[in-house]
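Colleague:
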Amino acid sequence: RKHVDEMEVSNTINCSHYNNKQQILLVGEGDFSFSLCLAKAFGSATNITATSLDTRGVRADMYKDSKDNVEELERRGCTVVHGVNVHSMNTDCRIVRSVLYDRIIFNFPHAGKHQEVVRGFMRSAREMIKSDEAGEIHVTHKTAHPFSNWNIRTLVGDLYCYKEVEFYTWQYPGYSNKRGSGSDCDSSFPVGKSSTFMFRKHWYLCLPWY
Numbered sequence: 124r125k126h127v128d129e130m131e132v133s134n135t136i137n138c139s140h141y142n143n144k145q146q147i148l149l150v151g152e153g154d155f156s157f158s159l160c161l162a163k164a165f166g167s168a169t170n171i172t173a174t175s176l177d178t179r180g181v182r183a184d185m186y187k188d189s190k191d192n193v194e195e196l197e198r199r200g201c202t203v204v205h206g207v208n209v210h211s212m213n214t215d216c217r218i219v220r221s222v223l224y225d226r227i228i229f230n231f232p233h234a235g236k237h238q239e240v241v242r243g244f245m246r247s248a249r250e251m252i253k254s255d256e257a258g259e260i261h262v263t264h265k266t267a268h269p270f271s272n273w274n275i276r277t278l279v280g281d282l283y284c285y286k287e288v289e290f291y292t293w294q295y296p297g298y299s300n301k302r303g304s305g306s307d308c309d310s311s312f313p314v315g316k317s318s319t320f321m322f323r324k325h326w327y328l329c330l331p332w333y
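What the sequence shown shows, in my numbering, is residues 124 to 333, in sequence order.
(1) Can you list, in chain order, the residues of its chain whose CB lies under 8 Å from that of M321, leaving out five sequence neighbours each side?
(2) Taking the DSSP output, what are the residues bridged to F320?
(3) Give a yes or no on contact between the stretch 193–201 and the stretch 230–246, applying the rule of three or more CB pairs nearer than 8 Å.
(4) Can K301 and T266 be called in contact, C-beta distance under 8 Å?
(5) Looking at C-beta atoms only, is the number of pairs between the stretch 219–229 and the stretch 292–301 that lie closer than 8 Å three or more?
(6) Hey, could you find the ends of the beta strand (DSSP E) L149 is sitting in?
(7) Is T169 near the ligand MN, with its Cβ less than 7 Å from a heavy atom?
(8) Using the beta-carbon count (16 or more within 10 Å), is S373 buried or exposed?
(9) From T172, N274 and A162, pick the residue whose C-alpha is nearest to that of R217; which is it?
(10) Which value, in whole angstroms, describes the spacing of the CA atoms of V279 and D191?
(11) By the three-class DSSP mapping on this structure, what secondary structure does T172 have?
(12) Provide the residue span of the beta strand (DSSP E) that contains N230, from first to last.
(13) Can you grab the Cα-Cα spacing for the pair N230 / E194, in whole Å?
(14) Could you give the distance in angstroms between the alpha-carbon of Q238 and the alpha-carbon of T178?
(15) Please classify G153: is it buried, with 16 or more other beta-carbons within 10 angstroms of its beta-carbon, or exposed?
(16) For I275, name the three-state secondary structure that DSSP assigns.
(17) Are A183 and S189 close, meaning C-beta to C-beta below 8 Å?
Right, dumping it as structure tokens:
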């Protein structure tokens, strides 16, 4: 098995914008199907940390597939952490590492005051990504009206959006987006016109004296 793991890491395996050589942090996961999609594509999840805001028990009650998805992720070597607040995650010792992340991913953020959620997430995430072009924060969000009124590019503080790419669920086999609240929280919603916004630190934030 060790030989197989070494082979998996030595070969770069891609799934859309992500690969098995990147250290990836996913936040705000619903039933963890997006994380599991990446893990299956890579053949391993040792490079993935997947988190949710709620506890493990609450997740299992909200989403029928959550328990099985989490267990499979853990079997594949994923670090799964519950009870992670995106506003304070940069001080959460369970996910803060000496080796910074290549990618931090937040898909379809929604929790009351949506814009405040994203703004706080960006402040925390910028402290946890690598300080060069290898470090990126990805936020996937609907772009049709009225969601376009979010002006998500303006919520990022001293980061900049270097790329916006259209998002399609077929790019991630097995991914099931969730409403996340209410009596139908386990139901999917129409993704419609959506994009993944990719953010990086400005060059001056990457200088060692900054």
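No residue lacks a Cβ here, since even glycine has one placed at the ideal position from N, Cα and C. It should be emphasised that the depicted structure is a prediction, and the values quoted were computed from it without experimental measurement.
Modeller: On the basis of the data shown:
(1) For M321, where only same-chain residues beyond five positions count, the Cβ hits under 8 Å are H140, E259, I260, H261, C284, Y285, K286, E287 and V288.
(2) Beta-bridge partners of F320 (DSSP): V262 and E287.
(3) Segments in contact, no.
(4) Not closer than 8 Å, so no.
(5) Contact check between the stretch 219–229 and the stretch 292–301: fewer than three CB pairs, one atom from each, fall below 8 Å, which does not count as touching.
(6) I147 to V150 is the span of the beta strand (DSSP E), which, as asked, contains L149.
(7) Within the structure as shown, the ligand MN is missing, as the structure has no ligands at all.
(8) Residue 373 lies beyond the residue range present for the chain, which begins at 124 and ends at 333; the question has no answer from this structure.
(9) Looking at the Cα atoms, T172 is the closest of the given residues.
(10) If you draw a straight line from the Cα of V279 to the Cα of D191, it is about 35 Å long.
(11) Under the three-state reduction of DSSP output, T172 falls in the strand class.
(12) Where N230 is concerned, the enclosing beta strand (DSSP E) stretches over R226 to N230.
(13) When only Cα atoms are considered, N230 and E194 end up about 21 Å apart.
(14) Those two C-alpha atoms are separated by around 23 Å.
(15) With a 10 Å radius around the Cβ and a threshold of 16 neighbouring Cβ atoms, G153 comes out buried.
(16) Three-state result, I275: helix.
(17) In this structure, S189 lies closer than 8 Å to A183 by Cβ.
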